[in-house]
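S.K.: With the first letter of the sequence shown counted as 1, position 117 gets the number 666 in the working numbering; the numbers rise by one all the way through. We put the beta carbon where it would ideally sit given N, CA and C, even for glycine. Quantities reported herein were computed from a predicted structural model and do not represent experimental measurements.
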Amino acid sequence: MATSQETSPPPAEEKLKIRDFYQSYLDACNEQDFDRMQQFYASPHVLVNGEPRTPAQLIERAKSMVAGFADWRLEVWHFAVDGDLVYVHLRLGGTHTGVFQDVEPTGRRVDATEFALYRLLDGKFVELWPMLDMEAVMKQIQ
Numbered sequence: 550m551a552t553s554q555e556t557s558p559p560p561a562e563e564k565l566k567i568r569d570f571y572q573s574y575l576d577a578c579n580e581q582d583f584d585r586m587q588q589f590y591a592s593p594h595v596l597v598n599g600e601p602r603t604p605a606q607l608i609e610r611a612k613s614m615v616a617g618f619a620d621w622r623l624e625v626w627h628f629a630v631d632g633d634l635v636y637v638h639l640r641l642g643g644t645h646t647g648v649f650q651d652v653e654p655t656g657r658r659v660d661a662t663e664f665a666l667y668r669l670l671d672g673k674f675v676e677l678w679p680m681l682d683m684e685a686v687m688k689q690i691q
């Protein structure tokens, strides 16, 4: 007689759940809902390029982007999941409407790309390796 056992969701189903989770995070970012963004980060810290950052520090970083680019938006171009790792290629953009890295507002539109690798544990980001093309951003506002 077979016994009922709880099984993990099929890999494709799990990947869709992770994609939905990540899209919820991007929605919070694009809506500048900093309180909601914070719920995606592990506490007491997330390792960013190997350095511990508190959720509050990560939110401050996001706020600095919004301060310089009030309409800052992120859009997924490519997305992949491998176990607890999430690989994302993003398009980012916004209008330079505020001081950003000591550059006064220019009103110029900025478009850039970012590659990011996240590690998830218990539905939270515990590690992050972002690679934003900041040189491209700075060239567009100078």
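Report the three-state DSSP secondary structure of residue 600 (helix, strand or coil).
M.R.: Residue 600 falls in the strand class under three-state DSSP.
S.K.: Is the region 622 to 639 close to the region 660 to 670, with three or more CB pairs under 8 Å?
M.R.: With the cut-off at 8 Å, the region 622 to 639 and the region 660 to 670 touch.
S.K.: Hey, how far is the Cα of residue 586 from the Cα of residue 599?
M.R.: For residue 586 and residue 599, the distance between alpha carbons rounds to 21 Å.
S.K.: Rounded to a whole number of angstroms, what is the C-alpha to C-alpha distance between residue 652 and residue 560?
M.R.: Near 46 Å, if we compare the C-alpha coordinates of residue 560 and residue 652.
S.K.: Below 8 Å, how does it come out for the region 567 to 575 and the region 602 to 619: are there three or more Cβ pairs, yes or no?
M.R.: Contact between the region 567 to 575 and the region 602 to 619 is absent, because fewer than three Cβ pairs lie under 8 Å.
S.K.: In this structure, how does DSSP classify residue 568 when only helix, strand and coil are distinguished?
M.R.: Here residue 568 sits in helix by DSSP.
S.K.: So, is residue 563 buried or exposed, given that buried needs 16 or more other C-beta atoms within 10 angstroms?
M.R.: Exposed, because fewer than 16 other Cβ atoms sit within 10 Å of the Cβ of residue 563.
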